[in-house]
Amino acid sequence: MQKEISGRKVITVDPVGRTEGHLGITLSIENNKVAEAHAFSPVYRGFEKIMIGRDPREAQDLPTRICGVCPMVHSVCGSKNLEKLFGVPYNENARLMRNIAHATTMVGDHVLHFYHLASLDFVKGPDKPPFIPRYGNDFRIPQKENDEIVGHYIQALEIRRIAEEAAALFAGKLPHAITFVPGGVTETPTKEKVAAWKERFVRLRSFVNDVWLKDVEAVAKYYP
144 MQKEISGRKV ITVDPVGRTE GHLGITLSIE NNKVAEAHAF SPVYRGFEKI MIGRDPREAQ
204 DLPTRICGVC PMVHSVCGSK NLEKLFGVPY NENARLMRNI AHATTMVGDH VLHFYHLASL
264 DFVKGPDKPP FIPRYGNDFR IPQKENDEIV GHYIQALEIR RIAEEAAALF AGKLPHAITF
324 VPGGVTETPT KEKVAAWKER FVRLRSFVND VWLKDVEAVA KYYP
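Residue numbers for the sequence shown, in my numbering: 144 to 367.
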């Protein structure tokens, strides 16, 4: 939807495709540049109702099962809220393990979003699932670059798996973490687990720097 407000062109996309279906975006354009940008969630989902009447100690376990894409943040927030509620401190190892697991899933989620949730609006894959059905024909990327990104779509499935494995070393399992509790983390950070995480993260970093960034820049170039 597009309209004029106070001399600005206002463009609203609601809902945004290829997300969970509850996101809207509003852009205010002035002198052919984005002056303001707002994201909003117009749909009441009511997940917080799950916790009413339950033991508060379940706050780090139940909300993390809301979503398989972003479970870690719910577990981290649940644990932090319980620490404030009970007045329980957590140590430096717990902070590091939570942050490492959370950051690792964020890397995997960025890869997931670009390739598996968003790229098919810009990239034309083969005439077979999961690349069909298509919902538009505005494909601007030259064939060579297009085919490279399609190949990376498949490669990104493996990268996503590696990210989940890496985070699970400290989160217990993925997609739904089980080791974050008030006061710390129940997983022991052995040197073997740290080495296993580092090995996987090196592969994630290589993919992000050598593949993902270039593909994002290619899409941005042809869809400014």
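No residue lacks a Cβ here, since even glycine has one placed at the ideal position from N, Cα and C.
Bridge partners of Ser-171 according to DSSP: Val-153, Glu-179. Looking at Lys-357, Tyr-366, Gly-327, Asp-353, the one whose alpha-carbon comes closest to that of Asn-236 is Gly-327. Segment contact: the region 245 to 257 against the region 291 to 303, three or more CB-CB distances shorter than 8 angstroms; contact assigned. Bounds of the alpha helix (DSSP H) holding Lys-287 are 286 to 314. Three or more Cβ pairs closer than 8 angstroms define a contact, and the region 227 to 242 meets that threshold against the region 315 to 330. Non-local C-beta neighbours of Met-249 in its own chain, meaning closer than 6 angstroms and more than five positions away in sequence, are absent.
Sorting Lys-341, Thr-333, Phe-323, Phe-344 by C-alpha distance to the C-alpha of Asn-224 places Phe-323 at the top. Residue environment: Thr-247 is assigned as buried (16 or more neighbouring CB atoms within 10 Å of its CB, all protein chains considered). Under DSSP, Gly-327 takes part in a beta bridge, and its partners are Val-324. Between Val-156 and Lys-146, the C-beta spacing is not below 7 angstroms.
Segment contact: the region 206 to 219 against the region 268 to 283, fewer than three CB-CB distances shorter than 8 angstroms; contact not assigned. Around the C-beta of Val-362, 16 or more other C-beta atoms lie within 10 Å, and the residue is accordingly described as buried.
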